[in-house]
Each structure stands twice: as structure tokens, then as C-alpha cells.
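So the structure is just underneath, and the comments pick up after that.
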Amino acid sequence: MKENIILFDGECNLCDNTIRYIIKNDKLKVFKFSSLQSDFAKNLLISNKIKDSGETVILFYENSFFIESDAMLIILKNLKGFNRFLSFILGLTPKFFRDFFYRIISKNRYKIFGNKTYCNHKEYNEYIERFFQ
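Remember, this note's numbering sits 99 above the position in the sequence shown when you count from 1.
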């Protein structure tokens, strides 16, 4: 598979807003998307023997899987402007430290940002070709 795919929690408001930000700043259309709740994502993970903890973004990038802060660094690196600089700065931080804070936010994302009862890809109609269902 040649696509670079971000698998995200489609019921998470933080995740949803993050995907909107990525779409807006991914001028080269490097990434495609799928919610972790979709059949596509479930099949992709099962076929590659990847376990979904439900607490992290999963990035399929250049035929490898990345999670937690490593996934976010790669995503930021591929976006334009300040995002690349931010990726560089965060990349200087030790992985255990980045992942520690990633996990704190991840475990509390529903409490802090709320959640949706379902993922509605129709909200992304003008970008629908970039979503796997």
C-alpha cells in the first residue's frame, strides 16, 4: 500500500480537530485518513498484527506503523511552516518524555475535550476522497 494513513479516534473531539488541522495544513496531500472505528482501519490493523489500544493515533507511513509521539512528529514534519520547526524541536526531546505527556493527554482527552457518539465523515465532504471508510 502506497498511501500514508492516519488512523484516529473518530469519537474524540481532540482527534477530530487535529485531523481538521492536518487537512488544512497538508498542502501536498501526503496523508489520507480513517477512523479507528472503521472497517478499513480494523482490517488494516488485523492484517498487520497491530493491536489498537484505543489510546493513540496510529500512523501508517512509508510501509511502517508509528504510534504516540513518533506518529505526531512524522505528521508535523510533513506539514508546512511552523509545523516542521515544531517537529524538529519536539524531536530533540527524549522519546520517553514525549510519550509520557502524549499518554497523559490521550488518557484524559474525553474529559478535557469531550467526545462524539459517532464519526461522521460527511463533515469532511470536500475532502472525502482522502478518507477510507
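Think of the CB as a built atom: it goes at the ideal place given N, C-alpha and C, for glycine as much as any other residue. Given the structure is predicted, the values throughout are model-derived calculations rather than measurements.
| Query | Result |
| --- | --- |
| Alpha-carbon to alpha-carbon, L172 and G190 | 7 Å |
| Any alpha helix (DSSP H) of 4 or more consecutive residues that is wholly inside the segment 107-158 | 112-124 and 138-146 |
| Any 3 or more C-beta pairs closer than 8 Å across the segment 145-157 and the segment 121-130 | no |
| Whether S152 touches R197 by CB criterion (8 Å) | no |
| Three CB pairs or more closer than 8 Å across the segment 206-214 and the segment 130-140 | no |
| Distance CB(F132)-CB(I104) smaller than 8 Å | yes |
| Neighbour-count burial assignment, L143, 16 or more Cβ in a 10 Å radius | buried |
| Of the residues E102, F200 and D115, the one placed nearest L127, counting alpha carbons only | E102 |
| Classification of T192 by the beta-carbon crowding that lies within 10 angstroms, buried from 16 upward | exposed |
| CB of C111 within 8 Å of CB of R208, strictly | yes |
| Buried versus exposed, by CB contacts within 10 Å (16 or more), I188 | exposed |
| According to DSSP, residues forming a beta bridge with F59 | Residue 59 lies beyond the range of the chain shown here (100 to 232); nothing can be said about it. |
| Distance, G180 Cα to F195 Cα | 26 Å |
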